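One structure is given here, and the rest of the page talks about it.
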Amino acid sequence: MDEILKQIREEHIIYAIEQLDKNRWGKKNNSSKFDLVHNGKTYPPKMIIRHAGIKATGEEPVKFGGGKESNELLMKFGFTVVDKETGLPIGKKQRSVEDLRDRQLEQELKNESQNIERILGSADLSATEKKELVKIRIGQGAFRKYLLAVHTSCELCNVNNPLLLIASHIKPWKDCHSEERLDRDNGLLLCPNHDSLFDKGLITFDGVGQIIISTDLSSTDRIFMNVLESMKIMCTNKRKKYMNWHQTHVYKM
Ligand SMILES: [Zn+2]
3 MDEILKQIRE EHIIYAIEQL DKNRWGKKNN SSKFDLVHNG KTYPPKMIIR HAGIKATGEE
63 PVKFGGGKES NELLMKFGFT VVDKETGLPI GKKQRSVEDL RDRQLEQELK NESQNIERIL
123 GSADLSATEK KELVKIRIGQ GAFRKYLLAV HTSCELCNVN NPLLLIASHI KPWKDCHSEE
183 RLDRDNGLLL CPNHDSLFDK GLITFDGVGQ IIISTDLSST DRIFMNVLES MKIMCTNKRK
243 KYMNWHQTHV YKM
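Each position in the sequence shown, counted from 1, maps to that position plus 2 in my numbering.
Given below as structure tokens:
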């Protein structure tokens with residue numbers, strides 16, 4: 003690194019920004035790839051660093067590249083640098099799906115144990131009722147965890163943020179007897195969009211998992227709701243039983 007760069011402090015950068023605001027050095031040397039963003043205005047990072055260096059030492063830093071070196075120095079002092087092509091701040095990584103999944107499962111586990119504690123602490127329930135409710139709670143948690151582990155995204159599209167994924171029942175919860183409610187083969191992992199369509203019977207699936215689309219869904223809605231004739235889910239024999247039920251009782255021809 004250029005020795006001059008090591009002398010640069012935040013106030014030197016602010017000074018350079020102010021000078022550029024006064025149009026001291028004209029508009030030349032505009033950066034093509036990155037922008038420093040400060041108070042809603044954009045500045046060429048390399049030019050700012052050069053003038054911050056002059057302010058700090060009285061000399062012009064010469065042994066430094068634009069791009070990474072300037073950007074890193076600016077970010078070290080908490081400034082935001084954006085990639086002009088994507089418009090996104092650099093150095094801020096998107097959280098990975100794995101991270102999101104871990105955080106979400108952790109949160110769900112926390113909610114789960116709070117719910118169970120509430121049931122156990124309730125004065126209105128008998129011991130048998132408590133036992134029954136706790137069993138259901140644990141079963142529901144396992145049902146969702148299983149689906150999230152097997153399918154990492156919506157079974158119809160690629161939405162994979164676990165916050166958005168819904169573990170729904172093929173044969174609806176209200177129509178199930180207790181075993182069916184916790185049967186993993188009765189589960190389907192969908193994004194809110196596709197879950198809503200399935201729940202309202204606007205789509206269903208045949209014996210091999212091919213989508214069947216209700217005539218109630220207009221061609222415009224199909225486009226905006228991302229429904230394609232070619233869509234397919236995995237349909238095991240066990241799933242088929244529930245899917246037949248859905249097709250007969252929920253699906254709107
Ligand atoms: Zn989807």
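Ideal placement from N, C-alpha and C gives every residue a C-beta, glycine not left out.
These figures come from a predicted structure and were not determined experimentally.
Write down the C-beta distance between residue i and residue j rounded to the nearest angstrom, noting that I regard them as a contact closer than 8 Å.
i: P164; j: Q106; result: 4 Å
i: Q249; j: T206; result: 5 Å
i: I121; j: R139; result: 7 Å
i: M227; j: N195; result: 6 Å
i: A58; j: R11; result: 7 Å
i: N25; j: P46; result: Rounded, the Cβ-Cβ distance is 13 Å, inconsistent with contact.
i: E71; j: I6; result: That pair is no contact at about 12 Å.
Taking just the CA atoms, how far does residue j sit from residue i?
i: N246; j: K35; result: 56 Å
i: N113; j: I214; result: 36 Å
i: K132; j: L190; result: 28 Å
i: E100; j: L22; result: 43 Å
i: K86; j: D37; result: 6 Å
i: D4; j: H14; result: 16 Å
i: L230; j: L219; result: 12 Å
i: T82; j: G42; result: 10 Å
i: I235; j: Y253; result: 16 Å
i: K146; j: I19; result: The residue asked about is misnamed: residue 146 is Arg in this sequence, not Lys. Those two C-alpha atoms are separated by around 52 Å.
i: Y244; j: I172; result: 6 Å
i: V161; j: V84; result: 26 Å
i: F66; j: D104; result: 41 Å
i: R183; j: E134; result: 13 Å
i: G141; j: Q109; result: 17 Å
i: L149; j: S128; result: 32 Å
i: S221; j: G80; result: 49 Å
i: L90; j: H53; result: 25 Å
How about residue i and residue j: do their beta carbons lie closer than 9 Å?
i: L2; j: I56; result: Any property of residue 2 remains undetermined from this structure, which presents the chain solely from 3 to 255.
i: D187; j: T238; result: yes
i: C156; j: L199; result: no
i: G203; j: K242; result: no
i: D177; j: H251; result: yes
Name all residues in chain order for which at least one heavy atom of ligand 1 lies closer than 7 Å to the residue's CB. Those residues are C156, L158, C159, V161, L192, C193, N195, H196 and N228, given in chain order.
At 4 residues or longer, what runs of the alpha helix (DSSP H) sit wholly inside the stretch 39–82? Counting whole runs of 4 or more residues, the stretch 39–82 contains the alpha helix (DSSP H) stretches 47–59 and 70–78.
Runs of 3 residues minimum, wholly inside the stretch 209–236: which ones carry the beta strand (DSSP E) assignment? Qualifying beta strand (DSSP E) stretches, in chain order: 213–215.
For the stretch 108–150, which segments carrying the alpha helix (DSSP H) assignment without a break, of at least 4 residues, lie completely within its bounds, in sequence order? As summarised for the stretch 108–150, there are no continuous alpha helix (DSSP H) elements at least 4 residues long confined to that stretch.
Every unbroken beta strand (DSSP E) inside the stretch 147–179 [3 residues or more]: Runs found: 168–171.
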